[in-house]
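**Q**
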Amino acid sequence: MKVKKTILVSTYILFGLAALVALTYIFLGTRTSQQEMSVERTEGMLFDAPLDGEAGFVTVAPGLRFRIDTGSDMSYITPDDLALLESMGYKVEKKFYPAIGRNTLGKYDYAITRYRVDFPAYCWSGDSIPQPIEDTKNVFHNVDFAVSPADFSVLGIDFLENFMVEHRVNSNSIALYSDLSPMDYEQCQVIERRKSPMFWPLMGHRYYVNMAVSHNSDSYFIDSGMRGAFIKLPMSDIDNSITTYVDTAMTSFLGEFPAKLDVNTMIQIGTRQGQTSVYYFDNEEEPYATNPFNMQGYNIVIDYPNRRLLFRE
């Protein structure tokens with residue numbers, strides 16, 4: 004009798020734990036980011052920030068610098084940038100706001116609290132030393148940030164997917180739009196948004212574009228945090244029978260990885276085709292990835308709300 008009672012109690016405990024895990028999974032999966040976000044001036048270009056370095060940093064206001072990273076599920080901010088915003092008179096509110104996701108260092112991160120802040124953003128002059136244009140100042144309200152695990156702040160996919168994100172080649176800058184497509188662009192390819200049931204509690208979505216590299220079509224993860232490469236494929240895709248590769252290395256926050264470079268590969272993205280350099284290397288991230296901001300010669304818009312990729316030469 005005592006054994007049966009022990010088994011029954013153990014069964015209840017197991018069912019209770021399973022229910023607790025399920026409720027936690029559902030709770031985390033229903034958490035959202037940027038639901039309260041708004042923009043003070045919504046028409047036209049919201050800001051146009053100079054792009055600094057291959058790691059993809061933009062300066063949106065004097066002293067306020069973010070990494071643009073579509074591979075980071077959440078947006079992050081450093082304590083120094085929080086203090087800067089407070090000193091400028093902008094709102095900084097601490098919130099109990101649990102969230103889980105991949106961060107800009109390529110690792111999984113869990114935040115118990117986050118900050119909801121306002122921050123300014125400008126368009127900048129095209130001088131050799133860019134300066135903010137005062138009458139273009141915009142303000143982003145109620146933007147959610149976790150505390151950064153690095154020494155820099157990040158605009159992640161939870162923020163970026165609310166906008167059309169333009170890479171302007173001539174000025175080497177990143178511009179955002181709410182609902183107006185930039186002039187003279189045409190749709191090149193649709194993009195796909197994914198979130199598998201296994202990763203449902205993660206904050207961010209993953210966006211993919213279909214491309215053909217050497218006539219082999221695959222779905223490529225859009226990762227603006229990928230350094231130095233426009234297109235990345237796994238080492239297993241190397242074909243030594245037809246191509247001579249250059250030995251090189253690729254560096255990310257996860258480390259340095261041996262790589263092979265094909266300097267003249269035929270690619271096709273929707274209606275566009277041409278030749279470009281392609282890197283082959285293996286790391287802990289997606290095997291097929293593309294950073295459109297590293298593409299040479301084209302202005303590009305990643306239109307997240309309408310899920311399309313637009314090109315202009």
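Numbered per the numbering used here, the sequence shown spans residues 4 to 316. In this text, a Cβ means the ideal position worked out from N, Cα and C, and glycines have one as well.
If I follow the unbroken beta strand (DSSP E) through Ala52, where does it start and stop?
**A** 48–55 is the extent of the beta strand (DSSP E) around Ala52.
**Q** Would you report the Cα separation of Phe148 and Val61, rounded to the nearest angstrom?
**A** Each residue's alpha carbon lies about 17 Å from the other.
**Q** If the criterion is Cβ atoms closer than 8 Å, does the pair Tyr301 and Arg315 meet it?
**A** Cβ distance < 8 Å, so Tyr301 and Arg315 count as in contact.
**Q** Excluding the 5 residues flanking Phe296 on each side, which residues of the same chain have their C-beta closer than 6 Å to its C-beta?
**A** These residues qualify, in order along the chain: His170, Ser227.
**Q** Any chance you could list the alpha helix (DSSP H) runs of at least 4 consecutive residues sitting entirely within the segment 95–180, in chain order?
**A** If we require 4 residues or more, the alpha helix (DSSP H) runs fully inside the segment 95–180 come out as 160–163.
**Q** Go through the segment 214–249 residue by residue and report every complete run of the beta strand (DSSP E) that reaches 3 residues or more, in order.
**A** Those beta strand (DSSP E) runs which fall completely within the segment 214–249 and span 3+ residues are 219–225, 234–236.
**Q** For the candidate residues Gly92, Tyr93, Tyr113, whose alpha-carbon lies nearest to that of Ala102?
**A** Selected option, being the one with the closest Cα: Tyr113.
**Q** Of all the options Arg70, Asp240, Ile245, Met253, which has the alpha carbon lying nearest to the alpha carbon of Ser151?
**A** Closest by alpha carbon: Arg70.
**Q** Starting from the C-beta of Pro290, find all residues in its chain whose C-beta is less than 6 Å away, skip the five residues before and the five after it, and write them out in chain order.
**A** Contacts found: Pro237.
**Q** Quick test of your reading: Val304 and Val168, contact by CB under 8 Å. State the CB separation rounded to the nearest angstrom.
**A** Sure, about 7 Å apart at Cβ, within 8 Å.
**Q** Skipping 5 residues on each side, what residues in its chain have a beta carbon closer than 8 Å to that of Ile136?
**A** Hits under 8 Å: Tyr125, Cys126, Trp127, Ser128.
**Q** Nearest to Gly277 by alpha carbon, out of His218, Tyr223, Glu259, Met229?
**A** Ranking His218, Tyr223, Glu259, Met229 by Cα distance to Gly277 puts His218 first.
**Q** I want to know whether the segment 153–163 touches the segment 72–83 - three or more CB-CB distances under 8 Å.
**A** The answer is yes - the segment 72–83 touches the segment 153–163, with three or more Cβ pairs under 8 Å.
**Q** Taking only three categories from DSSP, how would you classify Leu67?
**A** If DSSP states are grouped into helix, strand and coil, Leu67 belongs with the strands.
**Q** Any idea if Pro107 is buried or exposed, counting beta-carbon neighbours within 10 angstroms, 16 or more meaning buried?
**A** Note that residue 107 is Thr in the sequence shown here, rather than Pro. With 16 or more other Cβ atoms within 10 Å, it is buried.
**Q** Hey, could you find the ends of the beta strand (DSSP E) Leu87 is sitting in?
**A** First-last for Leu87: 82–90, but that is the alpha helix (DSSP H), not the beta strand (DSSP E).
**Q** Closest to Phe50 by CA distance: which of Arg119, Pro123, Phe260, Val281 is it?
**A** The candidate whose alpha carbon is nearest that of Phe50 is Pro123.
**Q** Which of the three DSSP states, helix, strand or coil, is assigned to Pro261?
**A** If DSSP states are grouped into helix, strand and coil, Pro261 belongs with the strands.
**Q** Helix, strand or coil for Phe256 per DSSP?
**A** Here Phe256 sits in coil by DSSP.
**Q** Give a yes or no on whether the C-beta atoms belonging to Val281 and Val216 are separated by under 8 Å.
**A** Cβ distance < 8 Å, so Val281 and Val216 count as in contact.
**Q** If we ignore side chains and look at the alpha-carbon of each, how far apart do Pro65 and Ile177 end up?
**A** For Pro65 and Ile177, the distance between alpha carbons rounds to 16 Å.
**Q** Where does the unbroken beta strand (DSSP E) through Ser280 begin, and where does it stop?
**A** 275–284 is the extent of the beta strand (DSSP E) around Ser280.
**Q** What is the rounded straight-line gap between the Cα of Ser90 and the Cα of Gly207?
**A** For Ser90 and Gly207, the distance between alpha carbons rounds to 30 Å.
**Q** For Ala292, which residues does DSSP report across the bridge?
**A** Phe224, Lys235, per the DSSP bridge assignment.
**Q** Taking Arg315 as part of the beta strand (DSSP E), name the residues at either end of that continuous run.
**A** It spans 311–315 - the beta strand (DSSP E) in which Arg315 sits, taken as one unbroken run.
**Q** Would you kindly work out how many angstroms separate the C-alpha atoms of Thr93 and Val120, rounded to a whole number?
**A** Note on identity: in this sequence residue 93 is Tyr, with Thr being the wrong assignment. Looking at the two C-alpha atoms, the distance is approximately 7 Å.
**Q** So the candidates are Glu46, Ala232, Met253, Gly258; which of them puts its Cα closest to the Cα of Gln299?
**A** Nearest C-alpha to Gln299: Ala232.
**Q** So what does Val304 bridge to, in DSSP terms?
**A** DSSP lists Glu169, Leu313 as partners of Val304.
**Q** How big is the Cα-Cα spacing for Thr254 and Phe260?
**A** Their backbone Cα atoms lie some 6 Å apart in a straight line.
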